[in-house]
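In this note's numbering, the protein residues as written are 3 to 93. Notes for the one structure printed next.
Next comes the structure, spelled out in structure tokens:
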């Protein structure tokens, strides 16, 4: 998989080793939690779960496929869904 070309479609994401990462700034803390809730629903549907660090209204997200030892299509699928969720919440 050509990670760099896949990231061109996901400009908010950056590669760090075998992960892709993004930071989301929500308008406020309750919105940040709603974003996490929406991500959780999609993550469960895909059975693919991001690492999420919540700091007030800032979310730090990291994706990798641990059982595959690196990045897979699932990571990029969930990243695109996360982008859509963030946009729905004006983040």
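In this text, a Cβ means the ideal position worked out from N, Cα and C, and glycines have one as well. Note that this is a predicted model, so its numbers are computed, not measured.
*With C-beta atoms as the reference, is residue 27 less than 8 angstroms away from residue 65?*
Start at 1 with the first residue of the chain shown, and residue 27 comes out as number 25. Start at 1 with the first residue of the chain shown, and residue 65 comes out as number 63. No, they are not a contact pair.
_Three CB pairs or more closer than 8 angstroms across the region 45-59 and the region 76-93_ = yes
*asked:* Please tell me whether residue 177 and residue 34 are closer than 8 angstroms, where the distance is taken between their beta carbons.
replied: Residue 177 lies beyond the stretch modelled for the chain, which goes from 3 to 93, so this question has no answer here.
*If you draw a straight line from the alpha carbon of residue 29 to that of residue 87, how long is it in whole angstroms?*
As a first step, residue 29 must be located in the chain shown, where it is residue number 27. As a first step, residue 87 must be located in the chain shown, where it is residue number 85. Using only the alpha carbons, I get a separation of about 13 angstroms.
*Consult DSSP for residue 40 and reduce its assignment to one of helix, strand or coil.*
Locating residue 40 in the chain shown gives position 38, where the first residue counts as 1. It is helical.
_Let me confirm a value: residue 42 is counted as buried when at least 16 other C-beta atoms fall within 10 Å, else exposed. Which label applies?_
Against the chain shown, residue 42 aligns to sequence position 40. Exposed, since its Cβ has fewer than 16 Cβ neighbours within 10 Å.
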